[in-house]
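Here the structure is laid out as structure tokens; the discussion comes afterwards.
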Amino acid sequence: MYNRKKELRKNIIYSVVILLLAVFSTYYIYNKFQGDREIDFSSESLDVIYHEGTGDKITISKMTPVTDSVGLSSKSYNVSLKNNLTEDVLYTIKIVDDLEQIEADSCGDMLIPKDNIRISVKINKHENAIYQLDELDDGILLHDTIDALDTADIAIRVWIKQDSNVPAGSKLHYHGKIQVVEEDGMIAINK
10 MYNRKKELRK NIIYSVVILL LAVFSTYYIY NKFQGDREID FSSESLDVIY
60 HEGTGDKITI SKMTPVTDSV GLSSKSYNVS LKNNLTEDVL YTIKIVDDLE
110 QIEADSCGDM LIPKDNIRIS VKINKHENAI YQLDELDDGI LLHDTIDALD
160 TADIAIRVWI KQDSNVPAGS KLHYHGKIQV VEEDGMIAIN K
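Quick note on the numbering used here: the sequence shown kicks off at 10 and runs consecutively.
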């Protein structure tokens, strides 16, 4: 015999269980990806957040030369700077070789020549500035001031220039690091 109240109660319980499972799963997945992606660094005045799981590390593992327009649409390394002071802070963003990774991989003879690497920086919503890595003085990509208690969002992209003299598909690669340096020379370090 069909009992309508019993069937309705059973359907409500199933619906609630499915809804709770969906909410819990969504919450878990969101927090898992957020935790893996943001790596905090800090200096005396600045909080620095790298929004990729690789933190401050830059890697080029595929030797595929592309045009600047394609390079500008490639994956970016996103960094947020927050000034914790009530005064402006002068900072510098540098791209340096990741000597620890190069030594760990024993790959000093397998590095892409810096004259083949293009790099762009975009701060907040301004235009991209494009450079060739070997043309940067002491690896300085950006030298700017962040206003008191303000935040700056920076996107850095790295690619192999189209007219590269290195053949596509070669085993050459690049290991670099993004450094945020304050005016007094203090480098932001991992907390």
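All residues carry an ideal CB built from backbone N, CA and C; glycine is no exception.
At the level of alpha carbons, what is the spacing between residue i and residue j?
i    : j    : result
S173 : K186 : 22 Å
F33  : Y23  : 15 Å
V112 : D153 : The question names Val, but residue 112 in the sequence shown is Glu. Distance between the alpha carbons of E112 and D153 is about 32 Å.
S129 : S83  : 11 Å
A31  : K134 : 36 Å
S51  : E96  : 17 Å
I21  : T35  : 21 Å
T63  : S70  : 14 Å
M195 : T101 : 10 Å
M72  : S115 : 19 Å
I155 : E192 : 12 Å
Assuming residue i contacts residue j under a Cβ cut-off of 8 Å, what Cβ separation, rounded to an integer in Å, is found between them?
i    : j    : result
I67  : Y86  : 6 Å
K125 : V175 : First, the amino acid is wrong: residue 125 is Asn here, not Lys. Their Cβ separation, rounded to whole angstroms, is 6 Å, which keeps N125 and V175 in contact under 8 Å.
V57  : L90  : 6 Å
N92  : A138 : Actually they do not touch by this definition, with Cβ atoms about 21 Å apart.
Can you tell me where the beta strand (DSSP E) with residue i in it begins and where it stops?
i    : result
L99  : 98-106
G185 : 183-191
Can residue i and residue j be called in contact, C-beta distance under 8 Å?
i    : j    : result
K131 : A161 : no
V98  : S54  : yes
V75  : I169 : yes
V190 : K103 : yes
D146 : K123 : no
D77  : R127 : yes
Y183 : L120 : yes
Buried or exposed, going by whether 16 or more other CB atoms sit within 10 Å of the CB of residue i?
i    : result
A177 : exposed
A197 : buried
L181 : buried
Q141 : exposed
V88  : buried
Q188 : buried
Step through the CB atoms of chain C and report whether any lies within less than 8 Å of the CB of residue i.
i    : result
D146 : The displayed structure is made up of one protein chain only, and chain C is not part of it.
Could you please give the first and the last residue of the uninterrupted alpha helix (DSSP H) stretch that includes residue i?
i    : result
S173 : Segment: none, S173 is in no alpha helix (DSSP H) and carries neither H nor E.
D77  : 77-80
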